[in-house]
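S.K.: Okay, so the sequence shown: first residue is 5 according to the working numbering, each after it adds one.
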Amino acid sequence: MAIKDRITSELKNAILESIRKTEENGNEHGFLMCTDKDGKLYPSREKCEGDSCGMDIDIYPELCPKKKIQGLFHVHPEKLQEEKRLGRKIRKEDIKDIFRVDRKGNIVTLQTPSHADVLTILLTKCNKSTEGTVCITTDLEPDKVGCWTPRAGAANFATCYYAKRDNVLTKNRDIAPKMWIKPLFKKEVIDLMDINGK
Ligand SMILES: [Zn+2]
Numbered sequence: 005m006a007i008k009d010r011i012t013s014e015l016k017n018a019i020l021e022s023i024r025k026t027e028e029n030g031n032e033h034g035f036l037m038c039t040d041k042d043g044k045l046y047p048s049r050e051k052c053e054g055d056s057c058g059m060d061i062d063i064y065p066e067l068c069p070k071k072k073i074q075g076l077f078h079v080h081p082e083k084l085q086e087e088k089r090l091g092r093k094i095r096k097e098d099i100k101d102i103f104r105v106d107r108k109g110n111i112v113t114l115q116t117p118s119h120a121d122v123l124t125i126l127l128t129k130c131n132k133s134t135e136g137t138v139c140i141t142t143d144l145e146p147d148k149v150g151c152w153t154p155r156a157g158a159a160n161f162a163t164c165y166y167a168k169r170d171n172v173l174t175k176n177r178d179i180a181p182k183m184w185i186k187p188l189f190k191k192e193v194i195d196l197m198d199i200n201g202k
């Protein structure tokens with residue numbers, strides 16, 4: 005089942021709350037997405053804040069009941085930085101022209117998780133602490149959430165070995181997920197306005 009069809013109103017509200025907090029203080033905000041017995045997604049009660057918000061899930065598997073963790077949601081703060089660059093407040097009509105570009109010139113949409121996000125979540129799938137989904141949004145286009153979930157069989161001996169090596173060697177902070185990791189994931193862009201939550 006797609007992530008979109010598993011979002012409860014509780015999860016949607018927690019997403020909106022995280023966005024509000026990011027808009028307030030410019031920090032990353034997020035939480036774990038826990039799975040119930042029907043596969044629906046709920047937010048963990050514990051929330052995270054700050055730069056490593058997307059990186060701490062390994063340490064806290066007990067934050068979801070029965071340790072059933074789908075993955076992680078967090079908000080990327082982009083607004084303040086973008087307003088600094090423009091020298092003025094962001095208007096709604098600016099958003100469609102805002103893209104992020106990495107060192108190699110790859111264009112990345114606002115709904116794309118960072119390489120570190122995707123690598124970290126793949127490693128948690130490799131060690132079986134989560135199902136490997138990472139969902140992100142930004143304070144620039146908060147209605148749209150991008151979710152990446154590993155394809156069936158994508159976290160195997162070879163890719164997990166490669167991910168571990170990549171993690172140790174590069175500590176990569178590139179914006180764009182690297183070429184090798186992208187095909188391992190199914191990608192969804194979810195419009196929050198379409199979610200009623202059951
Ligand atoms: Zn991130």
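Positions of the beta carbon are idealized from the N, C-alpha and C atoms, including for glycine.
1) Taking only the alpha-carbon atoms, compute the straight-line gap between K70 and K132 and give it to the nearest angstrom.
2) Give the DSSP bridge partners of V149, in chain order.
3) For T113, count neighbouring C-beta atoms within 10 Å of its own C-beta (all shown protein chains included) and say buried if the count is 16 or more, exposed if not.
4) Any heavy atom of ligand 1 closer than 7 Å to the CB of H2?
5) Helix, strand or coil: which one does DSSP assign to E53?
6) Given this structure, state the Cα-to-Cα distance separating E145 from L20, to the nearest angstrom.
7) Helix, strand or coil, according to DSSP, for C68 in the structure here?
8) For C52, which option in T134, I23 and T116 has the closest C-alpha, if you only look at C-alpha atoms?
9) How far does the beta strand (DSSP E) with I140 in it reach, from first residue to last?
10) What's the gap between the Cα of K148 and the Cα of I7?
11) Can you find the residues in the same chain that come closer than 6 Å, C-beta to C-beta, to I199, ignoring five residues on each side of it along the sequence?
12) Hey, does K191 have any beta-carbon neighbour from chain B nearer than 8 Å?
13) Would you check whether ligand 1 has a heavy atom nearer than 7 Å to the C-beta of S133?
14) Among H119, T26 and R155, whose alpha-carbon lies nearest the alpha-carbon of K129?
15) Near E86, what residues of its chain come up, given a Cβ to Cβ distance below 7 Å and the 5 sequence neighbours on each side ignored?
16) Counting along the chain, where does the beta strand (DSSP E) carrying L36 start and finish?
17) Grab the span of the beta strand (DSSP E) containing I125 for me, first residue to last.
18) What did DSSP end up calling F77 once you bin it into helix, strand or coil?
19) Beta carbon of D121: closer than 7 Å to some heavy atom of ligand 1?
20) Measuring CB to CB, does E27 end up less than 8 Å from G54?
21) If you reduce the DSSP assignment to three classes, tell me which class P187 lands in.
M.R.: Quick answer:
1) 13 Å
2) I194
3) exposed
4) In the structure displayed, the chain extends from 5 to 202; residue 2 sits before or after that span and is not available.
5) strand
6) 12 Å
7) Of the three classes helix, strand and coil, the one that applies to C68 here is coil, per DSSP.
8) I23
9) T137 to T142
10) Distance from the CA of K148 to the CA of I7, rounded to the nearest whole angstrom, comes to 13 Å.
11) I11 and K16
12) The chain labelled as chain B is not found in the depicted structure, where only one protein chain is given.
13) no
14) Distances from the alpha-carbon of K129 to those of H119, T26 and R155 put R155 closest.
15) Result list for E86: I94, I102 and L144, in chain order.
16) H33 to T39
17) Not the beta strand (DSSP E): I125 falls in the alpha helix (DSSP H), residues H119 to C130.
18) strand
19) Relative to ligand 1, the nearest heavy atom lies less than 7 Å away from the CB of D121.
20) no
21) helix
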